[in-house]
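Same order as they appear, the protein sequences are chains P and W.
Going by our numbering, 558 is the number at position 90 of the first sequence; the sequence numbering is gapless.
Going by our numbering, 87 is the number at position 73 of the second sequence; the sequence numbering is gapless.
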Amino acid sequence: AQSVAQPEDQVNVAEGNPLTVKCTYSVSGNPYLFWYVQYPNRGLQFLLKYITGDNLVKGSYGFEAEFNKSQTSFHLKKPSALVSDSALYFCAVRDGDTGFQKLVFGTGTRLLVSP
Amino acid sequence: EPEVTQTPSHQVTQMGQEVILRCVPISNHLYFYWYRQILGQKVEFLVSFYNNEISEKSEIFDDQFSVERPDGSNFTLKIRSTKLEDSAMYFCASSESIGNNYGYTFGSGTRLTVV
């Protein structure tokens, strides 16, 4: 069975500084990895995904993530944080080698960017 | 940009009543899902649906829950006899599995409150 760990409940960063939101995963087959963002009282918005290819994936709003197979990690990064990036971020994984399509989500990390 | 549409956005129901949550997935998608999120917590998989049948379900998805695709466009989640602990945000999602897209699109959710 697949699982995702987001070790930080909250990440605080000052506007303009780089940010990292950590994610590690466990899956028996090939990992398909995703990041979603949730603003208050809103749905889940897709940021980026890794399926195959280049380990550095670029996504929406200037976010990127690096797939590291040896460390089973898929950390979300942004070079310069904005106050508007403050939201709840979810990492998710799917086992690409099975016919099952479900995504398994982490517990979420709240990002707080201060002015 | 194609969207997954969910109705209603909010639903308040009395314990023991039946509720039906409705979703219109993206038209060319083949897989449909329901997830739920208890206030501010982890996003949990409920069920996936493909080719007019359930392809996978979680332990949460017990006999009180059912899904249906009554016509070519709608995808519904029915809870037969609601309990207080069913109060949550329910998200519908759809995905295609053609090529390497593997994109999952989520709706904006239905907030269900059981009183």
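Positions of the beta carbon are idealized from the N, C-alpha and C atoms, including for glycine.
| Query | Result |
| --- | --- |
| Proximal residues of chain P, C-beta to C-beta of Tyr45 of chain W below 8 angstroms | Gln569 |
| Contact between the stretch 16-24 of chain W and the stretch 519-537 of chain P (3+ Cβ pairs under 8 angstroms) | no |
| Gln51 of chain W vs Cys37 of chain W beta-carbon contact at 8 angstroms | no |
| Presumed contact (8 angstroms Cβ cut-off) between Glu3 of chain W and Ser62 of chain W, rounded CB distance | Residue 3 of chain W lies beyond the stretch modelled for chain W, which goes from 15 to 129, so this question has no answer here. |
| CB-CB length for Tyr504 of chain P against Gln513 of chain P, believed under 8 angstroms | 6 angstroms |
| Test item: CB-CB of Arg94 of chain W and Glu32 of chain W under 8 angstroms | yes |
| Contacts that Thr575 of chain P makes with chain W (C-beta to C-beta distance below 8 angstroms) | Gln55 and Lys56 |
| Residue from P:Ala560, P:Ser548 and P:Gly574 whose Cα sits closest to the Cα of Ser582 of chain P | P:Ser548 |
| Bounding residues of the beta strand (DSSP E) (the contiguous stretch that carries His543 of chain P) | Ser541 to Lys546 |
| Closer than 8 angstroms at the beta carbon, the chain W residues around Phe535 of chain P | None at all; the shortest Cβ gap to chain W is about 14 angstroms. |
| Assigned exposure category for Gly530 of chain P - 16 Cβ within 10 Å defines buried | exposed |
| Tyr104 of chain W at chain P interface by Cβ criterion, 8 angstroms | no |
| Chain-ordered chain P contacts of Phe120 of chain W [CB-CB under 9 angstroms] | Tyr504, Gly511, Leu512, Gln513 and Phe514 |
| Residue from W:Phe75, W:Gly54 and W:Ser101 with nearest C-alpha to Leu556 of chain P | W:Gly54 |
| Three-way DSSP call (helix, strand, coil) for Glu58 of chain W in this model | strand |
| Cα-Cα separation between Leu515 of chain P and Phe502 of chain P, rounded to whole angstroms | 8 angstroms |
| Span separating the alpha-carbon of Asn114 of chain W from that of His543 of chain P | Caution applies to Asn114 of chain W, whose pLDDT of 47 falls short of 50 and renders its modelled position unreliable; the value that the coordinates give is listed next. Roughly 22 angstroms separates the two Cα atoms. |
| Cβ of Gly113 of chain W within 8 angstroms of any chain P Cβ | Residue placement at Gly113 of chain W is flagged as unreliable, the pLDDT there being 48, under the threshold of 50; a coordinate-derived value is accordingly withheld. |
| Range of the contiguous beta strand (DSSP E) that encloses Ser109 of chain W | Ala102 to Ser109 |
| Beta-carbon contacts of Ser101 of chain W that lie in its chain and below 7 angstroms, excluding the five residues immediately before and after | Leu126, Thr127 and Val128 |
| Burial state of Met103 of chain W, where buried means 16 or more other Cβ atoms lie within 10 Å | buried |
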